[in-house]
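In what follows, a structure is listed as C-alpha cells, so that the remarks can point back to it.
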Amino acid sequence: MFGNILVIGGTGYLGSHIIYEFLNQNSGDVYCLIRNKNNVAPRYRLLQSLRFYFGNDFVSKVSDRIIVVSGDFTVDANLGLSNNELKPVIKNISTVVNSGALVKHFGQKEEFEAINVTGTENVIKFCTKYGKRLLHVSTVSVSGNGEKEENVIETVDNVNNKKIFTENDLYIGQKISSIYSITKFKAEIAVLEAIYDGLDGAIVRLGNITSRYSDGAFQQNANDNAFAKRIKSFIEIGAVPKYTLAHEIELTPVDLASNAILKILNHKSDCNMFHIFNPKLLSIPVLIDTMSALGMELLPVSNQMMTDIITGILEDDKRKDIVSGIIHDLDKDKLLIYTSNIRLNCEFTENYLKNIGFHWKKIDKNYIIKYMNYLKKIGFINF
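Residue numbering for the sequence shown follows this note's numbering, starting at 76 and increasing by one per position.
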C-alpha cells in the first residue's frame with residue numbers, strides 16, 4: 076500500500092474505474108489531471124463522469140479525497156500545471172497512472188501523436204524529474220493482433236505457426252497500420268527506454284475492454300467503442316461469417332481490468348510489463364445462442380454470402396449506415412477476416428495476478444445478457 080496517486084485520463088471509461096478501485100482499495104487521495112474543455116470546469120467534468128458510473132452516494136462519500144488539478148499533459152513536462160498547482164502534486168503523490176489516450180482507431184494523425192506520444196513523453200519527463208513511479212496504460216493492439224495486415228484465413232498449415240506475443244515482446248515483425256496502435260507502440264518504446272535508464276515504471280497492456288461484470292454498465296460514449304459498434308452492425312445485418320463458429324473472443328470487463336491494475340499497483344515488484352486481458356474466452360456459438368435467446372438472430376453464413384449481403388447494403392444509401400461498425404474490417408474483396416496471425420499470451424500476468432489475489436471471472440451467457448440489456452437500455456441496440 077502507498078499514499079496518493081495522480082491519474083491522467085480520469086474522465087474516461089477505464090480511468091474512472093481506476094479512480095473508483097483506488098478509493099476502495101487504498102486510504103490515500105487521488106489527484107486528477109483534467110483539462111479545460113468546452114468551458115466546463117475540470118472538477119465538474121470529473122465528478123459528472125464518476126456520478127454516471129458510480130452514483131451520487133459514492134461521489135459524495137469520497138469527494139474530499141479527490142483533488143482535481145487543471146492541466147494538460149500534452150503541453151510540457153510539468154503537465155501544463157501552474158506553479159501553484161504543481162507544488163502540492165509534486166509534494167503529495169508517489170505514483171502517476173497514465174490512462175490518458177485518444178482511443179479511437181481513426182482520426183487526425185497530429186491529434187493522436189500529441190496525446191498518445193507527446194503526452195506520454197511529458198509524463199515520463201515529469202516522473203523522471205520529480206522521482207515518481209509511473210504506471211502506463213497501453214493496449215495489446217501494439218502486437219498487431221486485430222490489424223488487417225495480420226489477419227489471415229486459418230488453415231491446417233498456419234494455425235500452429237503463429238507469432239506468439241508475450242509480456243516479454245515488443246517487436247516480433249508484426250505489421251501495424253492504425254494510427255492508434257502506431258502511436259501507442261511509440262509510447263511504449265519511450266516508457267521502456269526510460270525504464271532502462273532508471274525510471275521506476277511499468278506498462279499494462281489492455282485487451283478488449285467491455286461492460287462491467289457486476290451489472291453490465293458500459294461507457295458513456297458507446298458509439299466510440301469499436302467492439303460495441305461491430306456487435307451492433309452484426310445484429311442489424313442479422314448474420315455473421317460461418318468460420319467464426321470455430322473461434323472464441325476475448326472480453327475484459329472494465330471493473331475486472333481496473334481491479335487487476337490496482338492489484339498490480341499495490342504490489343511493488345521489478346516486473347515492468349503486464350497483459351491485462353481475460354484469458355477465459357467466450358466461444359462464438361455461446362454468444363450466438365445467447366443473442367438468439369434474447370431475440371437477436373445471427374445466422375452463420377459463408378464468406379461469399381456475407382460479402383453479398385454487405386455489398387447489397389452498401390448499395391442502398393438508406394441502409395449503408397448498418398455496416399458502419401464493420402466497414403473498416405473489410406478487405407479489398409469485402410471479406411471479414413477476424414482470425415489473426417498473432418497469438419496473444421498472458422500466462423505470466425495471469426500467474427502473477429493469481430499470486431497477489433486476483434482471479435479472472437468466466438465470461439458466460441449471464442454476462443452477455445447483462446451487456447446486451449444495458450446496450451438496449453441506453454438505446455444503442457434494439458431487440
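The beta carbon of each residue, even a glycine, is placed where N, CA and C say it ideally should be.
query	result
Rounded separation between G248 and V227 - CA only	15 Å
Sufficient close CB pairs (3 or more, under 8 Å) joining the stretch 312 to 332 to the stretch 366 to 384	yes
Residue(s) in a DSSP beta bridge with F489	It is not possible to answer for residue 489, since the shown part of the chain is limited to 76 through 458.
Three-pair Cβ contact test at 8 Å for the stretch 277 to 289 versus the stretch 186 to 206	no
DSSP bridge partner residues for T170 (one or two, in chain order)	I80, R208
Beta-carbon contacts of I109 that lie in its chain and below 8 Å, excluding the five residues immediately before and after	G85, T86, P117, R118, R120, L121, V143, V144, S145, G146
The stretch 428 to 440 touching the stretch 352 to 364, judged by at least three CB pairs closer than 8 Å	yes
Three-state secondary structure assigned by DSSP to C202	helix
Selected residue, minimal CA-CA separation from S213, among V137, E160, E372, V192	V192
Touch test, the stretch 91 to 99 against the stretch 331 to 346, Cβ-Cβ under 8 Å, three pairs minimum	yes
Candidates D272, L245, Y271: closest to K259 by CA position	L245
Proximity test, P316 beta-carbon vs the ligand PLP heavy atom, cut-off 6 Å	Among the components of this structure there are no ligands whatsoever, and the ligand PLP is therefore not found.
Residues that DSSP places opposite C421 in a beta bridge	Its beta-bridge partners do not exist; DSSP assigns none.
Delimiting residues of the alpha helix (DSSP H) encompassing V315	No alpha helix (DSSP H) holds V315; the beta strand (DSSP E) holding it covers 314 to 316.
Inter-residue Cα distance where the pair is L389 and H403	13 Å
Candidates I339, P328, G387, Y449, of which the one nearest K307 by Cα	Y449
Presumed contact (8 Å Cβ cut-off) between A303 and F455, rounded CB distance	7 Å
Residue closest to K452, alpha-carbon to alpha-carbon, out of S377, A292, I336	A292
Cβ-based burial, F240 [other Cβ within 10 Å; buried from 16]	buried
C202 versus V178, N298, L154, residue with shortest Cα-Cα distance	L154
Test item: CB-CB of S256 and V215 under 7 Å	no
DSSP three-state assignment for T193, whether helix, strand or coil	helix
G78 versus I339: straight-line alpha-carbon distance, rounded	15 Å
Straight-line gap, M76 to S102 (C-alpha atoms, nearest Å)	A caution first: M76 carries a pLDDT of 49, below 50, which makes its placement in the model unreliable, though a value can still be read off. Those two C-alpha atoms are separated by around 9 Å.
Boundaries of the alpha helix (DSSP H) in which R280 is found, first to last residue	Unbroken run through R280 is the beta strand (DSSP E), 276 to 281; no alpha helix (DSSP H).
Opening and closing residue of the alpha helix (DSSP H) in which Y106 lies	Counting along the chain, Y106 falls outside any alpha helix (DSSP H), though it belongs to the beta strand (DSSP E) covering 105 to 109.
Cut-off 7 Å between Cβ atoms - residues of its own chain near L410, not counting five sequence neighbours on either side	N378, T382
Rounded separation between A69 and I80 - CA only	The displayed coordinates of the chain run from 76 to 458. Any statement about residue 69 would go beyond what the structure contains.
N173 and I254 closer than 7 Å at C-beta	no
Alpha carbon of N158 to alpha carbon of E186, nearest angstrom	26 Å
Beta-carbon contacts of R140 that lie in its chain and below 7 Å, excluding the five residues immediately before and after	L98, D104, V105
Cβ-based neighbour list, E229, same chain, cut-off 7 Å, excluding 5 preceding and 5 following	T414
Whole-angstrom C-beta distance between P360 and L320, which should lie under 8 Å	6 Å
Alpha-carbon spacing of E160 relative to H434, whole angstroms	39 Å
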